[in-house]
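In full-length UniProt numbering, the protein residues as written are 1 to 603. All C-beta atoms, glycine included, are put in the ideal place defined by N, C-alpha and C. Keep in mind that this is a model prediction, so the values were computed, not measured. Since the structure comes first, as structure tokens, the remarks are kept for the end.
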């Protein structure tokens with residue numbers, strides 16, 4: 001609900017501060033005083049296009065600010081939280097829009113934080129809905145008709161079930177398409193991996209085998225030289241050998257003699273004990289070295305033809321690596337992973353079959369739900385049409401025919417709908433129906449789309465009839481009607497006022513009107529006037545008291561208030577008040593009856 005509106009330097013408005021309440025708020029005033037400018041300002045505030053021409057001449061910028069209560073807009077709170085725009089828990093939100101005269105650009109803010117225009121439009125559109133005499137309001141947008149019908153018939157829970165199945169069907173079909181699209185590639189991949197496993201299985205490579213074979217090959221190639229060197233080293237360490245000057249004592253034996261001498265020295269001089277210990281350790285190490293050399297030499301028993309066997313094996317391993325890339329270790333890892341990948345790829349055929357079964361099940365469930373939703377829409381559409389025609393009769397258009405047209409489109413991939421003889425129909429998250437409101441304003445005329453109604457008066461009255469019936473399912477808290485009574489005569493004005501006031505049971509209504517019969521139903525009446533001061537035109541607004549209301553309605557009746565027109569004005573106001581009192585009592589009784597019915601259902 002709009003609590004406060006402040007407008008600065010917007011068109012001919014220099015400063016305007018308007019406090020509004022619940023119920024039916026009426027704005028009246030002479031032509032050109034600025035009534036529609038206020039509507040333009042509200043449209044700008046809710047995210048409509050801002051134009052530099054809106055800035056008051058000679059001013060740097062125009063500014064509009066609206067303070068709204070969130071009590072009637074609980075669905076808006078999660079959106080505000082999502083964008084971190086909910087400052088505190090005071091239950092209010094402030095929308096601000098400034099337009100620069102220099103650049104023509106606008107700056108939008110929500111709760112003092114800058115936002116882009118699209119977000120302002122999204123949030124503002126849930127706070128205010130503006131209806132004029134021309135085709136620009138949401139009811140004349142065919143895309144809104146389905147939502148209005150479903151909300152009117154309380155069909156949104158059933159539609160949500162349809163939407164859930166549609167989303168599930170899309171996920172299944174996306175996965176199926178991906179699997180089928182990659183079927184040829186999948187088969188090719190299985191063949192590649194199978195060849196790899198066959199080659200690896202035939203070669204049976206082992207980790208580090210190539211390095212070990214290379215080392216062995218080097219040993220075999222130099223076996224004679226290696227054996228000789230090992231024998232000479234062993235002889236020097238342990239066996240001794242002849243040289244030019246005679247036999248040479250083995251190194252181990254010499255080291256033993258050195259160790260014995262140092263042991264004797266240590267007994268004579270304890271300071272030499274470290275030397276003796278070191279000599280003994282060296283003796284033992286040399287002895288171990290000699291033993292190892294002996295064993296090494298004995299192990300160098302190379303079988304004949306071993307070098308050819310090694311070369312053949314290395315060729316097999318290198319060819320395997322050349323064919324599949326990578327080193328031997330990487331090849332072994334790929335072979336280990338290939339088995340798991342083949343198993344996974346082979347299972348995709350099973351997965352496809354499982355998904356196809358899921359698809360068939362979802363289509364069956366979806367067809368049942370979508371068919372049920374469509375049938376309920378037809379029933380609700382007939383109810384809505386009867387109520388609209390009755391309301392149009394109240395507004396002096398008794399011959400209007402209203403119809404909710406529902407079409408479906410065939411789709412071989414759609415769900416089979418039982419109540420459509422099993423035909424497969426296109427289905428999205430909203431169901432199988434395309435809904436459009438149709439009207440024939442006069443006898444003998446064919447039904448036409450709502451948006452093509454020619455007469456401004458017919459359009460206004462039709463809009464009012466629709467709004468009065470659909471108000472309870474309209475989620476926007478504040479409805480603004482800009483001269484919706486244009487083309488409506490005085491006889492129907494009383495009913496227009498009644499319809500507008502009836503809407504206030506679920507909405508705040510702000511209405512600009514030229515009809516005193518409409519203004520008489522106001523819960524709060526504001527007069528807008530145009531003043532010229534210092535050769536500048538400005539707009540002012542004030543809330544009228546009871547006497548001022550009578551004078552204003554008298555002026556609206558006769559142009560100039562007179563005792564006769566004031567008496568007529570009082571009579572119009574009293575008649576409206578009596579009707580409102582009866583309406584309030586009926587609403588109270590209806591509410592009590594609804595509560596009683598709910599308690600009965602609960603029991």
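Once you ignore the five residues that flank residue i on each side, which residues in its own chain have a CB closer than 7 angstroms to its CB?
i	result
residue 555	561
residue 59	9, 101
residue 119	83
residue 251	236, 237, 286
For residue i, does the three-state DSSP call read helix, strand or coil?
i	result
residue 115	strand
residue 476	coil
residue 163	helix
residue 526	strand
residue 108	strand
residue 520	coil
residue 416	strand
residue 430	coil
residue 46	coil
residue 16	strand
residue 231	helix
residue 445	coil
residue 57	coil
residue 358	helix
residue 542	strand
residue 327	coil
residue 507	coil
residue 410	strand
residue 31	coil
residue 23	coil
residue 558	helix
residue 283	helix
residue 95	strand
Quick one: measure Cβ to Cβ for residue i and residue j, integer angstroms, because I've assumed they're closer than 8 angstroms.
i	j	result
residue 538	residue 506	The pair is not a contact, with the Cβ atoms about 36 angstroms apart (cut-off 8 angstroms).
residue 169	residue 363	7 angstroms
residue 332	residue 207	7 angstroms
residue 79	residue 123	7 angstroms
residue 520	residue 484	Not a contact, Cβ separation roughly 16 angstroms.
residue 424	residue 406	Their Cβ separation, rounded to whole angstroms, is 17 angstroms, which puts residue 424 and residue 406 out of contact at 8 angstroms.
residue 419	residue 375	6 angstroms
residue 121	residue 46	7 angstroms
residue 5	residue 66	5 angstroms
Just the Cα atoms here: how many angstroms apart are residue i and residue j?
i	j	result
residue 493	residue 515	7 angstroms
residue 512	residue 525	10 angstroms
residue 337	residue 414	41 angstroms
residue 534	residue 543	25 angstroms
residue 253	residue 238	7 angstroms
residue 321	residue 200	10 angstroms
residue 142	residue 30	35 angstroms
residue 61	residue 14	11 angstroms
residue 390	residue 398	8 angstroms
residue 95	residue 115	10 angstroms
residue 475	residue 63	27 angstroms
residue 601	residue 343	Note on residue 601: pLDDT 47, under 50, position unreliable in the model; no value is reported.
residue 567	residue 576	14 angstroms
residue 230	residue 249	18 angstroms
Considering only their Cβ atoms, is the gap separating residue j from residue i smaller than 8 angstroms?
i	j	result
residue 431	residue 159	yes
residue 41	residue 7	yes
residue 234	residue 189	no
residue 289	residue 213	no
residue 401	residue 447	yes
residue 355	residue 427	no
residue 3	residue 541	no
residue 97	residue 144	no
residue 217	residue 352	no
residue 54	residue 380	no
residue 171	residue 482	no
residue 125	residue 530	no
residue 57	residue 527	no
residue 417	residue 370	yes
Excluding five sequence neighbours on each side, which residues of the same chain lie with their C-beta closer than 6 angstroms to the C-beta of residue i?
i	result
residue 510	25, 480
residue 20	2
residue 203	316, 320
residue 23	504, 523
residue 584	none
residue 518	485, 493, 496, 497
Please work out which residues of its chain come closer than 8 angstroms, Cβ to Cβ, to residue i, disregarding the five sequence neighbours upstream and downstream, and give them in chain order.
i	result
residue 259	276, 279, 280, 282, 283
residue 180	352
residue 469	152, 384, 387, 388, 391
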